[in-house]
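Under this note's numbering, the first residue of the sequence shown carries the number 581, and numbering increases by one thereafter.
Shown next, in structure tokens, is the structure this report addresses.
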Amino acid sequence: MFATSSFGDNNAVILLAFKNSLSNPSKLYNWNDTINNPCSGDTANWVGLHCSDDNIDKLTLEGMDLSGKIDIDSLVQLPKLRALSLKNNSFEGPLPPVNKLTSLRALYLSYNKFSGIIPDYAFAGMNSLTQLYLGNNDFTGPIPSSLVPLSKLVRLSLENNQFQGEIPDFQQEFTLFNVANNHLTGHVPVALAGVDPSLLAGNDGLCGKPLPACKSSKKKTIIVIVVVAVAVLALAAIVAFACFRGRRTKTTQAKQLQVQGTQAQTKFSVMAPKHFVESSDHDQQGKNKGLLNFVRNDRERFDLQDLLRASAEVLGTGNFGSSYKAVLFDGPAMVVKRFREMNNANKEEFYEHITRLGTLSHRNLLPLVAFYYRKDEKLLISDFIENGSLASHLHGKRGSGQAGLDWPTRLKIIKGVARGLTYLYKEFPSLTLPHGHLKSSNVLLDHTFEPLLTDYALVPLVNKDHALKVMVAYKSPEFTQSDRTTRKTDVWSLGILILEMLTGKFPANYLRQGKGGNADLASWVNSVVREEWTGEVFDMEMRGTKNGEGEMLKLLKIGMCCCEWRVERRWDLREAVDKIEELKDRDSDYDEFSSNASEGEIYSSRAMTDDDFSFSINA
């Protein structure tokens, strides 16, 4: 509590803290110290307030174009607050933690720009709530089930959003229930049979009184069986035809066809009936298990059936599971990643964290588009990036005439990686590992070779035993030595990535915990720069760089300072990023070297000495 001289002063401090959290509070023109008591009895001295006995019981800030953060923690300190209205403003992002306001009776947040999934527990404990208005926003996902136990709730306005799934089994006697123009499906609960049909309109999947009757579940089952049977027969015909052709071709052609047939069966079994058809059915409790939850509002909506019908291609199997490219009919290509090692995260934790990831927006992060939740399996869906990963460009086989990555491109990539990592550190200040799995295969490159980080901030969700086996952060020296990670652990991963980009060598660090020695990329680089010409460490494809060697050497030093074995001597992210941002693709002192000097002479003249690296790799 605030230590103030009077109750009125205390209210003033609380409200000014709330005001300071807003981005543009100009309409709160008299919320200032010149009027130090917001309430005088039942009279409100500040705009937007309603007072009763020197207590603020209503806060009505409507149509003021307010934006920024809604400081719920400040409002909690107003014990008599019963009504809060912020409708018709410009607030955006996820729903704030309104369930902290347990005494609230009416909440109006309509006509804003709120978005994302509302956590299932969002209204738990708000037992005094009688009116809730969330209409005309951009919320997605299911209607939170925590509204069901609120027996006093009689007015609920959720229209013109993007809510999905079934309407929870409400039992209240509503005087207003409006869910028009969403994406709701399934039976209308019996208790809502008397609702005006227009308040349920715009949801093509809803049925039952007061709407038209639902189709027989028996008919649905028959349709599903027929569709699956036809698909199986079609697949059998394809396989039979392939076998017939195989017997009439040469041995090498037969082997190739067999491989292709195996891949086709794999794609079908994974992407089609077994998983997705079963998942799209309803369980015995009536909960839709096939629902895709969108976390972005700038993408056209699709569902699991669209993925079923999409042309699917297996991209590979990574540390967390398989990935597929799905080309939607008349739409974009998406990547579907299956995660099986997240079973320890409960539904509330998963929804909350993934929704948080959906709010992230940065040039160097691959945005999450949608997700699917089931206890034993999760799907994360994002855009397909045609140009592939950094790992494929560094270590993959290129076609004839396809050039490798030159120095300016590699510098551009590492700068983008550093900026994306900085953003994650800023957005997750309390997370020890803001990325946790930074490596070259988790850096995608768009058509301009701008990097996009993927598989970031998943540590809170991945089962710990699996994370310890596969995630790069747990290969770090500090975890190897003392089973701990720090805020500098992702910096170590950045350092390994820098060395990988400069040397062109695949780091053994990605595969197992580093113990030092030449198998460790950082140790190998350290030994080479101390014993041989420094230029020997650089990837051959960059050796044609005649005017960037000095900058390359600077980045090499940055990478090694990020890989410092002892955490206390390792650079922190801010220092590393500042140094990276100073780098240029051309040397500022290039003129001091003869333009006729040989490549070897240039590298020799810039070989690093022990003074350049006064730190340890595996001390």
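C-beta atoms are modelled at their ideal positions from N, C-alpha and C, and glycine is treated no differently.
Closest residue to residue i among the options (Cα-Cα distance)
i: S725; options: L991, L714, A906, E746; result: E746
i: L887; options: F874, G896, S690, F909; result: F909
i: N923; options: G901, Y931, K958, R1149; result: K958
i: N590; options: N616, S603, L1079, N604; result: N616
i: W1151; options: I1138, L1163, E1162; result: I1138
i: P699; options: E921, S654, R920, R936; result: R936
i: V915; options: H942, W1104, L960; result: L960
i: N635; options: L641, R662, G643; result: R662
i: G721; options: N758, V1147, I965, H763; result: H763
i: G621; options: E921, K1019, D637; result: D637
i: E1155; options: L681, V627, L1135; result: L1135
i: K992; options: I1078, S1010, R1067, G1084; result: I1078
i: T1065; options: L1011, C619, L641; result: L1011
i: G782; options: Y701, D1158, Q744, S708; result: Q744
First through last residue of the alpha helix (DSSP H) which encompasses residue i
i: C794; result: Looking at the DSSP string, C794 is not in any alpha helix (DSSP H), and its letter there is neither H nor E.
i: Y931; result: 927-938
i: K1159; result: 1153-1162
i: L654; result: Looking at the sequence shown, residue 654 is not Leu but Ser. 652-655 is the extent of the alpha helix (DSSP H) around S654.
i: A971; result: 970-975
i: L1133; result: 1129-1142
i: S665; result: Unbroken run through S665 is the beta strand (DSSP E), 663-665; no alpha helix (DSSP H).
i: G745; result: First-last for G745: 742-745, but that is the beta strand (DSSP E), not the alpha helix (DSSP H).
i: W1072; result: 1069-1083
Endpoints, the beta strand (DSSP E) within which residue i is located
i: D637; result: 635-640
i: T897; result: 891-897
i: Q752; result: First-last for Q752: undefined, no H or E at that position.
i: N1001; result: Checking the sequence, you will find Leu at residue 1001 rather than Asn. Unbroken run through L1001 is the alpha helix (DSSP H), 987-1007; no beta strand (DSSP E).
i: C787; result: 785-787
Nearest-angstrom Cβ-Cβ length linking residue i and residue j, presumed shorter than 8 Å
i: V734; j: F754; result: 6 Å
i: H975; j: F1086; result: 5 Å
i: L1032; j: N944; result: 6 Å
i: A1037; j: F1008; result: 6 Å
i: Y713; j: S695; result: Going by Cβ atoms, the distance from Y713 to S695 rounds to 16 Å, so no, they are not a contact pair.
i: L779; j: A760; result: 5 Å
i: Y1005; j: L872; result: The pair is not a contact, with the Cβ atoms about 30 Å apart (cut-off 8 Å).
i: S969; j: S1021; result: 5 Å
i: L664; j: L684; result: 6 Å
i: Y931; j: I697; result: 6 Å
i: G643; j: N668; result: 4 Å
Cβ-based neighbour list, residue i, same chain, cut-off 6 Å, excluding 5 preceding and 5 following
i: G984; result: E1121
i: A1047; result: none
i: S1056; result: T1069, W1072
i: K649; result: S601
i: G557; result: With the chain represented from 581 up to 1199, any question about residue 557 goes unanswered, as that position is not in the structure.
i: I802; result: The pLDDT assigned to I802 is 47, lower than 50, so where the model puts this residue is not dependable; a value taken from the coordinates is nonetheless given after this. No residues qualify anywhere along the chain.
i: M1051; result: G1016, H1017
i: Q711; result: A686, R735
Identity of the residues DSSP links to residue i by a beta bridge
i: Q558; result: Residue 558 is absent from the model: the chain starts at 581 and stops at 1199.
i: L1025; result: P1031
i: S695; result: D718
i: A760; result: Bridge partners of A760: none, in fact.
i: H942; result: Bridge partners of H942: none, in fact.
i: D963; result: M914
i: L629; result: L639
i: F951; result: N873, L960
i: K905; result: E893, V915
i: S1056; result: According to DSSP, S1056 bridges with nothing at all.
Residues near residue i in its chain [Cβ-Cβ closer than 8 Å; skip 5 each side]
i: F824; result: Confidence at F824 is low in this model, with a pLDDT of 48, below 50, so its placement is unreliable and the value that follows should be read with caution. Same-chain partners within the cutoff: there are none.
i: F671; result: L646, S647, G648, I650, L689, N692, K693, F694
i: K795; result: C787
i: K1044; result: N924
Contact with chain B by residue i, beta-carbon distance below 7 Å
i: L895; result: No chain B appears in the structure shown, which is made up of a single protein chain.
Contact set for residue i: own chain, Cβ-Cβ below 7 Å, skip 5 residues either direction
i: L596; result: W611
i: D718; result: K693, F694, S695, N741, Q742, N877
i: K599; result: P605, L608, W611
i: C1142; result: V1071, W1072, L1074, G1075, I1078, R1150, W1151, A1156
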